[in-house]
Amino acid sequence: MKLNWLSVLRFASIALLIAAVIAGLYIVLRGAGGSASDLNSSGAITTPEIPSRDAESSTRRQEASPPRQPETQRHPKEQGNPEIQAVLSLPPHIAYQKFLGRAEAGDARAQLMLTEILERCRHSSVQSEEALSRLERRGEMPANMLAYYRENLEQCAGLYDMLEEYDLDTLWAFWMEEAADKLAVAKIALSLNSLEAEYSDKLYQQLQAGISATGEDWIQQRVARQAAFAFFRSFVEPTQYDGATHDAGYYLRSDDSLAWDYLMCEHSVHCDLKAMEQQVSDHYYEYQISDMRKRAKELDRALRDGDWERLGLRLDTD
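In our numbering, the protein residues as written are 3 to 320.
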């Protein structure tokens, strides 16, 4: 097996782990009271009881090797869907405003879409020109990382300016929790994002319920695949990989591991599927790449059909 690779998927996996630490904020948000964000007559967004991003955050930001800004992925059934086009392709601040009114009115699907829009921007610690200039003046940051920060800032500057008084991680958690009141898939996403999440039959059944309730709704299906991937990585095959280790036999992967990575890449705003496929072709044999694509399609079909045996996510707790 040709291994020893650092792909854009590491960033997607790390992003999931970063999101996990937000779980500690959920109880705080509930206890703080208040409703969803309001857009006042002047056009300013006012979200009560959500901490400023200038305040000390309980979220640990982890930086990873910069991924290429991903091209928007599309399944055949998703092509031409105006919601998908808006959530994944419009400038984030415009997309956020487009669905804010529906989210404020209690539309759980719109609340999920806001979390996906925030996901496009929230993981970067460089959220202003001033912050980027400071990094550039220090002269310590690799050029490719500075280029990533610049590209992200060009995409997300409008959202950072519009929500400048809020911590985007906390705002993401707020909307996900609002959606969880009505959508089973958001509820399992919250459970899996908890730092205290441990495998149990109850958690597995919650995952089943979340996946089964998605129907043909693209945003729920997208979150369901992210949740299934998080479940796989958390409990079925936790990944511990030291990039400084150059032994090809060090990082062993199960037959399903690469397929799950591929499926996750299709449903992540942080992963460029074309770049991932190129890296796979550089480090794996052709038969392994073929197996990866075939198994990823099987996993996707199993998620749609609720074929739990084929998914293989249940652990033997005896």
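A virtual CB, placed ideally from N, CA and C, is assigned to each residue, including glycine.
DSSP state of residue i mapped onto helix, strand, coil
i, result
"Cys123", "coil"
"Asn195", "helix"
"Met178", "helix"
"Tyr162", "helix"
"Asp203", "helix"
"Arg316", "coil"
"Met143", "coil"
"Asp307", "helix"
"Tyr150", "helix"
"Cys267", "helix"
"Pro93", "coil"
"Asp2", "A question about residue 2 goes unanswered here, because the residues of the chain that appear run from 3 up to 320."
"Ser130", "coil"
"Pro240", "coil"
"Glu167", "coil"
"Glu218", "coil"
"Asp293", "helix"
"Gly82", "coil"
"Lys276", "helix"
"Tyr98", "helix"
"Leu116", "helix"
"Leu209", "helix"
Cα-Cα separation between residue i and residue j, rounded to whole angstroms
i, j, result
"Thr319", "Tyr264", "28 Å"
"Asp284", "Glu311", "32 Å"
"Gln210", "Gln222", "13 Å"
"Arg224", "Asn146", "29 Å"
"Lys296", "Ala304", "12 Å"
"Ala232", "Met266", "9 Å"
"Asn154", "Cys123", "7 Å"
"Tyr151", "Gly141", "14 Å"
"Leu31", "Val271", "Reliability fails at Leu31, whose pLDDT of 32 lies under 50, so the model's placement of it is uncertain and no value is given."
"Thr216", "Leu197", "25 Å"
"Met164", "Tyr98", "10 Å"
"Glu156", "Asp169", "19 Å"
"Gly108", "Asp274", "32 Å"
"Pro240", "Gln228", "15 Å"
"Ser236", "Ala230", "10 Å"
"Lys204", "Ala133", "44 Å"
"Ala110", "Tyr287", "43 Å"
"Glu85", "Arg136", "37 Å"
"Leu313", "Gln280", "26 Å"
"Val89", "Ser214", "23 Å"
"Leu148", "Gln87", "28 Å"
"Ser202", "Ala191", "15 Å"
"Gly103", "His125", "24 Å"
Rounded distance between the beta-carbons of residue j and residue i, thought under 8 Å
i, j, result
"Ser127", "Tyr162", "In fact, because the Cβ distance is near 11 Å, the residues do not count as touching under 8 Å."
"Ala181", "Ala188", "4 Å"
"Gln208", "Ser193", "6 Å"
"Gly212", "Ala226", "6 Å"
"Leu317", "Val238", "7 Å"
"Pro94", "Ile119", "5 Å"
Residues near residue i by beta carbon distance below 6 Å, same chain, minus five either side
i, result
"Met294", "Leu260, Ala261 and Tyr264"
"Ala298", "Ala261, Tyr264 and Leu265"
"Val282", "Ile291"
"Ala21", "Bear in mind that a pLDDT of 40 at Ala21, under 50, signals an unreliable position, so the number given afterwards is only what the model happens to contain. Hits under 6 Å: Asn195."
"Ala159", "none"
"Leu185", "Ala110"
Other residues of its chain near residue i: CB distance less than 7 Å, five sequence neighbours each side excluded
i, result
"Phe234", "Trp262 and Leu315"
"Gln113", "Ala105, Trp177, Glu180 and Ala181"
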